[in-house]
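The numbering of the sequence shown is the UniProt record's numbering, which starts it at 1 and goes up by one.
In this text, a Cβ means the ideal position worked out from N, Cα and C, and glycines have one as well.
The structure presented is a predicted model; accordingly, all values stated were derived computationally and were not measured.
This report refers to the structure that appears directly beneath it.
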Amino acid sequence: MLLRRSASSVVARRAVLAAPARPSRSRCLATVTSASAQPIHIAAISGSLRKGSTNTGLLRAAAKNLPEGVTFEIVDIGGLPTYNDDIWQDTNDESVIPEAIRTFRAKVLKADALLFACPEYNLGVTSALKAAIDWGYCPHGPNVFDGKAAAIVGSGGGGGTARAQTQLRTMGPNMNVYFVNGPDVALKRYENPQWFSESGDLLDPKVEGWVKNKVADLVTLARKLKA
């Protein structure tokens, strides 16, 4: 009995034979290596203005354990006033606003990622941190947070800043930032006073490891967003 191949089977066979080859392993490794080598600059913001703040101490600890290719700056928000739209004088010209605001916006704008140290006052974020967010994203000028990776650490009382961190996360979609998910670094410092020095410096190696891991996750997300 004579068997004939249909035209469709021939076309299908040719399609299989013509399928593109998988990229080589070396090419895949080169792509991963290129992404992991991307330089990342982190702007770190502490919501506490206190001289001996343990939240600012968490940021100093983060700066000591940076992944390769990462730079880090703690951006001062102490000089930022409460947001007032009148300061803009009905214009988008940033030259009309105070220097402290211009400097803050410029430093955050050039960053690839954000690290917030988030204390908790009256079950929410501090007024200083809220002012920084309001000046960073307002009706005038660009949103300096736009499209950035972000992570949160915090040191506080019995709640460990969990409620303030949750409140900050709810602002993320409007700021258009992408927060790293858990595990959270939310420290109950009064239950563990040995974690910090009197000047707010972090002393505990285990907690340093938590902060280091959070920064590593932040850098990984930032590099994915830049790729």
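- One Cα belongs to residue 218, the other to residue 149, and the distance between them is close to 7 angstroms.
- Residue 69 has its alpha-carbon roughly 30 angstroms from the corresponding atom of residue 128.
- Around the CB of residue 190, fewer than 16 other CB atoms lie within 10 Å, so the residue is classed as exposed.
- With contact defined as three or more Cβ pairs closer than 8 angstroms, the region 101-121 and the region 36-55 are in contact.
- Beta-bridge analysis with DSSP links residue 40 to 70.
- Residue 182 counts as exposed, since fewer than 16 other C-beta atoms from the protein chains shown sit within 10 angstroms of its C-beta.
- With contacts defined by Cβ atoms closer than 9 angstroms, residue 209 and residue 187 do not form a contacting pair.
- Its Cα nearest to that of residue 92, the residue 135 stands out among 166, 135, 110.
- In this chain, residue 188 is not harboured by any alpha helix (DSSP H); it is covered by the beta strand (DSSP E) spanning 185-188.
- Across the structure, residue 43 and residue 115 are spaced so that their CA atoms are roughly 6 angstroms apart.
- By the C-beta density criterion, residue 57 is buried, having at least 16 other C-beta atoms within 10 angstroms.
- Distance from the CA of residue 223 to the CA of residue 201, rounded to the nearest whole angstrom, comes to 29 angstroms.
- Cβ-Cβ distances below 7 angstroms link residue 212 to 65 in the same chain, with the five nearest sequence neighbours on each side left out; the list follows chain order.
- For residue 115, the enclosing beta strand (DSSP E) has its first and last residue at 113-117.
- In this structure, DSSP gives residue 104 a helical state, which the three-state scheme calls helix.
- Sorting 71, 125, 130 by C-alpha distance to the C-alpha of residue 110 places 71 at the top.
- Exclusion of the five residues before and after residue 179 leaves 150, 169, 172 as the residues of its chain whose Cβ lies within less than 6 angstroms of its Cβ.
- If you draw a straight line from the Cα of residue 144 to the Cα of residue 138, it is about 9 angstroms long.
- For residue 45, the pairing in a beta bridge is given by DSSP as 116.
- Rounded to the nearest angstrom, the gap between the Cα atoms of residue 46 and residue 220 is 22 angstroms.
- Ranked by how close their Cα comes to the Cα of residue 126, the residues 142, 82, 94 have 82 in first place.
- A straight-line Cα-Cα distance of about 16 angstroms links residue 86 and residue 99.
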